[in-house]
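Let me begin by presenting the structure, written as structure tokens, before commenting on it.
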Amino acid sequence: MRNEYGAISTVPEKDTYNKAEVDELVADINGAMRTTYDYHSKRLDDVYHPFNNSISWLTTHTDEMKHDIAMIQEQHAVGAGASKSITDHIQPSIDASTRTSINARLASFNSKID
Numbered sequence: 000m001r002n003e004y005g006a007i008s009t010v011p012e013k014d015t016y017n018k019a020e021v022d023e024l025v026a027d028i029n030g031a032m033r034t035t036y037d038y039h040s041k042r043l044d045d046v047y048h049p050f051n052n053s054i055s056w057l058t059t060h061t062d063e064m065k066h067d068i069a070m071i072q073e074q075h076a077v078g079a080g081a082s083k084s085i086t087d088h089i090q091p092s093i094d095a096s097t098r099t100s101i102n103a104r105l106a107s108f109n110s111k112i113d
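Quick note, in numbering that gives the first Met the number 0, the sequence shown goes up one by one and the last residue is 113.
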């Protein structure tokens, strides 16, 4: 390119670089980028993971508490319908029909004897 003062230099002062020099420059650039990336990744991990672990712990315990609350509410609902009387908890006797049957037989037997 040319301007009013002459040729504009777009190439560095050194006209040529050999392959080893180019490889060294590229390796230096890549090393600097990798070091920067590693540094920032470590810093982000130092901040992120403690928060993530705390959030996971809170989520787990919140779910457990929701389960416990649901179970307590269910027990409370079942308990509210239950009677406060102690006699309501007594099951009817399975011998009740047997007694009436025996009494009927005894009555018929007594009538035969008389």
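We put the CB at the ideal spot given by N, CA and C, even for glycine.
Could you compute how far the alpha carbon of residue 16 sits from the alpha carbon of residue 29? Taking the first residue of the sequence shown as position 1, residue 16 is located at position 17. Taking the first residue of the sequence shown as position 1, residue 29 is located at position 30. Cα-Cα distance, rounded: 18 Å.
Just verifying my parser: in three-state terms, what is the DSSP assignment at residue 59? Here residue 59 refers to the residue found at position 60 when the sequence shown is read from its first residue. The answer is helix: DSSP assigns residue 59 an H, G or I state.
Rounding to the nearest angstrom, what Cα-Cα distance links residue 23 and residue 44 in this structure? Along the sequence shown, one-based indexing puts residue 23 at 24. Along the sequence shown, one-based indexing puts residue 44 at 45. Computed Cα separation, rounded: 31 Å.
Would you mind sorting residue 102 into buried or exposed? The rule is 16 or more other CB atoms within 10 Å of its CB. The residue you call residue 102 lines up with position 103 of the sequence shown. Under this definition residue 102 is an exposed residue.
Assign residue 17 to one of three DSSP states: helix, strand, or coil. Here residue 17 refers to the residue found at position 18 of the sequence shown. If DSSP states are grouped into helix, strand and coil, residue 17 belongs with coil.
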